[in-house]
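**Q**
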Amino acid sequence: MGQTLWFASRATGLVALVLLTMSLVLGIVGSNRVASVRWPRFALSGLHRNISLMTVLFLAVHASSAIIDPYAGIRWVDAVVPFVSSYHPFWLGLGAVALDLMLALIGTSLLRTRLSHRLWRTVHWAGYLVWPLAVVHGLVIGGKDSKLSWVISLNVTCALVVLVAVVWRLRSASHPDSEARRAATVGGR
Ligand code: HEM
Numbered sequence: 012m013g014q015t016l017w018f019a020s021r022a023t024g025l026v027a028l029v030l031l032t033m034s035l036v037l038g039i040v041g042s043n044r045v046a047s048v049r050w051p052r053f054a055l056s057g058l059h060r061n062i063s064l065m066t067v068l069f070l071a072v073h074a075s076s077a078i079i080d081p082y083a084g085i086r087w088v089d090a091v092v093p094f095v096s097s098y099h100p101f102w103l104g105l106g107a108v109a110l111d112l113m114l115a116l117i118g119t120s121l122l123r124t125r126l127s128h129r130l131w132r133t134v135h136w137a138g139y140l141v142w143p144l145a146v147v148h149g150l151v152i153g154g155k156d157s158k159l160s161w162v163i164s165l166n167v168t169c170a171l172v173v174l175v176a177v178v179w180r181l182r183s184a185s186h187p188d189s190e191a192r193r194a195a196t197v198g199g200r
């Protein structure tokens with residue numbers, strides 16, 4: 012196998028980061044109630060859901076290939092229990108926290124109809140935490156490979172996209188119409 016598994020892990024890690032970015036941005040677009048005839052809300056939320064599921068799929072391959080590759084001696088438990096790995100315990104641990112949060116987000120979303128809206132939303136706020144944890148994990152643990160100019164450009168592009176989306180979200184959250192809309196939404200549930 013040689014380096015194949017290691018390259019597979021790196022490639023799927025980078026794809027997962029791009030998918031995570033897309034999922035976060037689509038979540039923000041959805042929560043800002045943006046919709047058009049071409050992109051009705053159900054289509055946006057379907058895309059958000061499917062991209063989130065794809066992210067988890069790529070993360071599963073990312074973590075599995077790093078574990079199966081004997082080079083770093085990473086165990087299955089290290090992928091889900093943070094900071095217990097002998098290989099870069101802290102930086103790998105950040106990836107494990109991000110994965111755990113991601114699984115919690117997906118799990119509570121699949122069970123959404125059985126949970127209170129407040130609980131679902133509280134867990135969903137963790138989505139904002141997953142992204143920076145994943146970026147720091149990838150940049151540091153990726154070592155020399157993460158310093159390649161195209162890898163840096165990819166990270167910077169993802170960061171800019173997330174920054175614009177978050178600023179837009181914060182601005183629309185403080186809009187006077189938002190309070191009325193929130194009150195109407197809570198009243199309607
Ligand atoms: C949301 C969760 C995660 C994301 C988005 C993510 C993403 C990334 C990215 C982008 C890289 C850098 C690849 C490169 O620059 O070449 C990376 C590296 C790495 N990740 Fe993750 N990761 C996550 C979770 C995990 C977990 C749970 C594990 C546990 C096995 C893990 C193991 C690794 C390892 C060992 C590397 C270093 C690969 C190398 O040195 O080339 N990651 N990750």
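The opening residue of the sequence shown carries number 12 in this note's numbering; numbering runs sequentially from there. Just so you know, even glycine gets a beta-carbon here, dropped at the ideal spot from N, CA and C.
#1: Since T66 contacts S20 with CB under 8 Å, what's their CB separation in whole angstroms?
#2: Keeping to the same chain, check which residues put their C-beta closer than 6 Å to that of W131; ignore five residues upstream and five downstream.
#3: Could you give the distance in angstroms between the alpha-carbon of D156 and the alpha-carbon of V162?
#4: Taking its Cβ as the centre, do 16 or more other Cβ atoms sit within 10 Å of G199, making it buried, or is it exposed?
#5: Starting from the Cα of S183, find the closest Cα among A54, V40, L116, L110 and give me that residue.
#6: Suppose you measure from the CA of S63 to the CA of G24; what does that come to, to the nearest Å?
#7: Measure the C-alpha to C-alpha separation of N242 and V167 and round it to an integer number of angstroms.
#8: With a Cβ-Cβ cutoff of 8 Å, do A109 and L144 count as a contact?
#9: Roughly how many whole angstroms lie between the Cα atoms of L105 and A54?
#10: In this structure, does DSSP put I216 in helix, strand or coil?
#11: State the DSSP-derived secondary structure class of A137, mapped to helix, strand or coil.
#12: What residues in its chain sit with their C-beta under 7 Å from that of G149, if we drop five residues either side in the sequence?
#13: Starting from F18, follow the alpha helix (DSSP H) in both directions and report where the run begins and ends.
#14: In angstroms with no decimal places, state the Cα-to-Cα distance between L31 and S47.
#15: Can you list, in chain order, the residues of its chain whose CB lies under 8 Å from that of R52, leaving out five sequence neighbours each side?
#16: Short of 8 Å in beta carbon distance, which residues of its chain neighbour V36, apart from the five on each side in sequence? Order them along the chain.
#17: With a threshold of 7 Å, establish whether the CB of R182 neighbours any heavy atom of the ligand HEM.
#18: Ends of the alpha helix (DSSP H) at L97?
#19: Give me the Cα-Cα distance between P100 and P93, rounded to the nearest whole angstrom.
#20: Please classify L70 as buried or exposed, where buried requires at least 16 neighbouring CB atoms within 10 angstroms.
**A** Reading from the atomic positions:
#1: Numbered from its first residue, the sequence shown carries residue 66 at position 55. Numbered from its first residue, the sequence shown carries residue 20 at position 9. Not really, about 15 Å apart at Cβ, beyond 8 Å.
#2: Walking along the sequence shown from the start, residue 131 turns up at place 120. Taking C-beta separations shorter than 6 Å and ignoring five residues to either side along the sequence, the partners of W131 in its chain run T119, R123, following chain order.
#3: Here residue 156 is taken as the residue at index 145 of the sequence shown, counted from 1. Here residue 162 is taken as the residue at index 151 of the sequence shown, counted from 1. Taking the straight line from one Cα to the other gives about 8 Å.
#4: Taking the sequence shown and counting its residues from 1, the one referred to as residue 199 is at position 188. Reliability of the predicted coordinates at G199 is poor, the pLDDT of 42 falling under 50, and the value obtained from them is presented with this limitation in mind. Here G199 is exposed: its Cβ has fewer than 16 other Cβ atoms, across all protein chains shown, within 10 Å.
#5: Mapped onto the sequence shown, residue 183 falls at position 172. Looking from the CA of S183, the closest CA among A54, V40, L116, L110 belongs to V40.
#6: Position 52 of the sequence shown, counted from the start, is the residue given in the question as residue 63. Position 13 of the sequence shown, counted from the start, is the residue given in the question as residue 24. Rounded to the nearest angstrom, the gap between the Cα atoms of S63 and G24 is 14 Å.
#7: The structure shown does not extend to residue 242, since the chain is modelled only from 12 to 200, so the question has no answer here.
#8: For the purposes of this step, residue 109 is taken as residue 98 along the sequence shown, with counting starting at 1. For the purposes of this step, residue 144 is taken as residue 133 along the sequence shown, with counting starting at 1. Yes, they are a contact pair.
#9: Indexing the sequence shown from 1 puts residue 105 at position 94. Indexing the sequence shown from 1 puts residue 54 at position 43. L105 and A54 have their C-alpha atoms some 32 Å from each other.
#10: With the chain covering 12 to 200 only, the question about residue 216 has no answer from this structure.
#11: Here residue 137 is taken as the residue at index 126 of the sequence shown, counted from 1. Under the three-state reduction of DSSP output, A137 falls in the coil class, being neither helix nor strand.
#12: Here residue 149 corresponds to residue number 138 of the sequence shown, with the count starting at 1. Exclusion of the five residues before and after G149 leaves G24, L28, S157 as the residues of its chain whose Cβ lies within less than 7 Å of its Cβ.
#13: One-based indexing of the sequence shown puts residue 18 at position 7. Note, F18: alpha helix (DSSP H), 15 to 42.
#14: Here residue 31 is taken as the residue at index 20 of the sequence shown, counted from 1. Here residue 47 is taken as the residue at index 36 of the sequence shown, counted from 1. For L31 and S47, the distance between alpha carbons rounds to 24 Å.
#15: Stepping through the sequence shown from its first residue, residue 52 is reached at position 41. Within the same chain, R52 has close Cβ partners G41, R44, A46.
#16: The residue labelled residue 36 in the question sits at position 25 within the sequence shown. Answer for V36: V172, V173, A176, listed in chain order.
#17: By one-based count along the sequence shown, residue 182 stands at place 171. No heavy atom of the ligand HEM is found nearer than 7 Å to the CB of R182.
#18: Along the sequence shown, read from residue 1 onward, the residue named residue 97 stands at position 86. Position check: residue 97 holds Ser in this sequence, whereas Leu was assumed. Careful: S97 lies outside any alpha helix (DSSP H) and carries neither H nor E.
#19: Position 89 of the sequence shown, counted from the first residue, corresponds to residue 100. Position 82 of the sequence shown, counted from the first residue, corresponds to residue 93. Rounded to whole angstroms, P100 to P93 spans 8 Å at the Cα level.
#20: The residue labelled residue 70 in the question sits at position 59 within the sequence shown. By the neighbour-count rule (16 or more Cβ atoms within 10 Å), L70 is buried.
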